[in-house]
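Residue 396 in UniProt numbering sits at position 396 of the sequence shown; the count goes up by one each step and never skips. Idealized CB from N, CA, C, for every residue including glycine. Just so it is clear, the structure is predicted and the values come from calculations on it, not from any experiment.
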Amino acid sequence: MTNVSPQLFQAAPEGGTVWRPEDTTPAAPVCPDTVSREDILKVIEETITALDGELRELSLDIHAHPELAYEERHAHDVYTAFMKRHGFEVTSHYHLETAWMASYAHGKGGRTIGVNSEMDALQGIGHGCGHNLIGMSGVAVACAIKAVFEKFNVSGKIQLLGTPAEEGGSGKVVLLDSGAYKDMAACIMCHPAPGPKGSVSLSSCLALERINVEYFGHTAHAALSPWEGRNALDAAVLGYNNISALRQQLRPTHRVHGIFEGKDWAPNIIPDYAKFICYVRAPTRAEQEQTMKRVRPCFEAAALATGCTVKITVTGGTYDLRQNKALGDEIAHIVRSKYGTIDYEWGIKSASTDFGNVTYALPALHPGFAIPTVPDGGNHTPGFTKAAATPQAHAACLDVSKALAAVGVRVIIDDAFFAEVRKTFEEDKAVRGLVV
Numbered sequence: 001m002t003n004v005s006p007q008l009f010q011a012a013p014e015g016g017t018v019w020r021p022e023d024t025t026p027a028a029p030v031c032p033d034t035v036s037r038e039d040i041l042k043v044i045e046e047t048i049t050a051l052d053g054e055l056r057e058l059s060l061d062i063h064a065h066p067e068l069a070y071e072e073r074h075a076h077d078v079y080t081a082f083m084k085r086h087g088f089e090v091t092s093h094y095h096l097e098t099a100w101m102a103s104y105a106h107g108k109g110g111r112t113i114g115v116n117s118e119m120d121a122l123q124g125i126g127h128g129c130g131h132n133l134i135g136m137s138g139v140a141v142a143c144a145i146k147a148v149f150e151k152f153n154v155s156g157k158i159q160l161l162g163t164p165a166e167e168g169g170s171g172k173v174v175l176l177d178s179g180a181y182k183d184m185a186a187c188i189m190c191h192p193a194p195g196p197k198g199s200v201s202l203s204s205c206l207a208l209e210r211i212n213v214e215y216f217g218h219t220a221h222a223a224l225s226p227w228e229g230r231n232a233l234d235a236a237v238l239g240y241n242n243i244s245a246l247r248q249q250l251r252p253t254h255r256v257h258g259i260f261e262g263k264d265w266a267p268n269i270i271p272d273y274a275k276f277i278c279y280v281r282a283p284t285r286a287e288q289e290q291t292m293k294r295v296r297p298c299f300e301a302a303a304l305a306t307g308c309t310v311k312i313t314v315t316g317g318t319y320d321l322r323q324n325k326a327l328g329d330e331i332a333h334i335v336r337s338k339y340g341t342i343d344y345e346w347g348i349k350s351a352s353t354d355f356g357n358v359t360y361a362l363p364a365l366h367p368g369f370a371i372p373t374v375p376d377g378g379n380h381t382p383g384f385t386k387a388a389a390t391p392q393a394h395a396a397c398l399d400v401s402k403a404l405a406a407v408g409v410r411v412i413i414d415d416a417f418f419a420e421v422r423k424t425f426e427e428d429k430a431v432r433g434l435v436v
């Protein structure tokens, strides 16, 4: 946290840091170097500054109309209308009902830069992960790159994807499998999280597998003749307890957690059905697959102990973030030169995102950026929902969007830089032993 003034923060539980919303002092740059093209960055900054009011209105509109995964119809219509007004060719209902693409091509040939805007909210708490900011950022980045194309007569193409269902629905995985990313040379986006003011994070995230564990037993009168029953809820509870015992031998960076669900339960009837919805996470895809091998027997043993049968269904997973090194080094340089600090510890390090799958398929970048929060008000809380609508969060989002736009332009105009982007992407695959 170099160059972070400690009086601007207050300690949060479990080592977290809180940026007080009332503080609006700009973060001082920590690197005196210039960026590769100051003239291009100036156009980006001027474009985003000119759009500030429209972008703020857009973000608050999405924030005020939270929609769950694959139900983002209001967001779909608002975003597509906005992009049409700003000169983009828009494809509505792109591969999915609530997905969309806004494209802009200039000149002849050139590479395509991809950008993502997320849209969905969380059950009960609205935009508690700040997807209103993520969506707005994608729009800002795309519009800024378009302005650069026009000002400097750059040949290239922008593809801004509106991606539904990040929260549990793996919308980007569906779009990836459908070919929505196939023309992109690289893809960029960002994500808010708690952290020191002015901090942009290049941390990874956890790979995730979602599983449904269903137990099937036999009903009986819970008092009159319980020996006639096979208690599916007991099986689910045992599975949960087995996982709790397993955690003692898992690495501290791994996560296994979940909830119970049932149907037609009554206290005087032994349940014949119970479901345990479980998430298994680890720092890398390979580690997650190994942990899954230890988790499954926990559920199978619970069925055996209670005389129930079990059905384990893998409902989908997402990968860790492979932050492209060349893209990451470039945004780190821009942020340090102009906007704040870089870290590798904050961001969404211990969460998960379907953008991880995109980073396995093509060079990509997904920085986190700090917004003001209250104690215990991190992502997926009502406190974060409020934080995502503050002017300070808006300003932080625009700063990282400026840096992302500059990175995206360099992917298009600088052949040597793009060769390094591709090189580091392939090197990372080799280190991980991946066949993608």
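Item, Value
"Segments assigned beta strand (DSSP E), at least 3 residues, entirely inside the stretch 282-359", "309-318, 341-343"
"Cβ pair residue 467, residue 364 closer than 9 Å", "Lying before the first or after the last residue shown, residue 467 is absent from the chain, which here runs from 1 to 436."
"Among 81, 296, 196, 72, the one whose alpha carbon lies nearest that of residue 256", "296"
"Stretch-stretch touch, CB-based, cutoff 8 Å, three pairs: the stretch 130-149 with the stretch 391-409", "yes"
"With 16 other Cβ atoms within 10 Å as the buried cut-off, status of residue 99", "buried"
"Close-in-space but distant-in-sequence residues of the same chain around residue 103 (CB under 7 Å, 5 per side omitted)", "88, 89, 157, 158, 159"
"Segment limits, beta strand (DSSP E) that includes residue 158", "156-163"
"Residue 391 (DSSP reduced to helix, strand or coil)", "helix"
"Span of the beta strand (DSSP E), counted from its first residue to its last, around residue 208", "207-216"
"Assigned secondary structure, residue 70 (DSSP; H/G/I helix, E/B strand, else coil)", "coil"
"Cβ neighbour criterion (16 or more within 10 Å) applied to residue 202", "buried"
"Counterpart residues of residue 56 in DSSP-defined beta bridges", "According to DSSP, residue 56 bridges with nothing at all."
"Alpha-carbon to alpha-carbon, residue 263 and residue 271", "8 Å"
"Check whether residue 186 and residue 94 have beta carbons under 9 Å apart", "no"
"Stretch pair the stretch 327-337 + the stretch 373-393: three plus CB contacts closer than 8 Å", "no"
"Residue burial classification, residue 368 (beta-carbon count within 10 angstroms, cutoff 16)", "buried"
"Identity of the residue in 183, 253, 309 nearest residue 236 by Cα", "309"
"Residue 110 and residue 154 closer than 9 Å at C-beta", "yes"
"Alpha-carbon spacing of residue 226 relative to residue 218, whole angstroms", "10 Å"
"Contact set for residue 4: own chain, Cβ-Cβ below 6 Å, skip 5 residues either direction", "Here the model assigns residue 4 a pLDDT of 28, short of 50, so the residue's position is not dependable, and the following value carries that caveat. For residue 4, where only same-chain residues beyond five positions count, the Cβ hits under 6 Å are 196."
"7 Å CB neighbourhood of residue 396 in its chain, flanking five on each side removed", "369, 370, 371"
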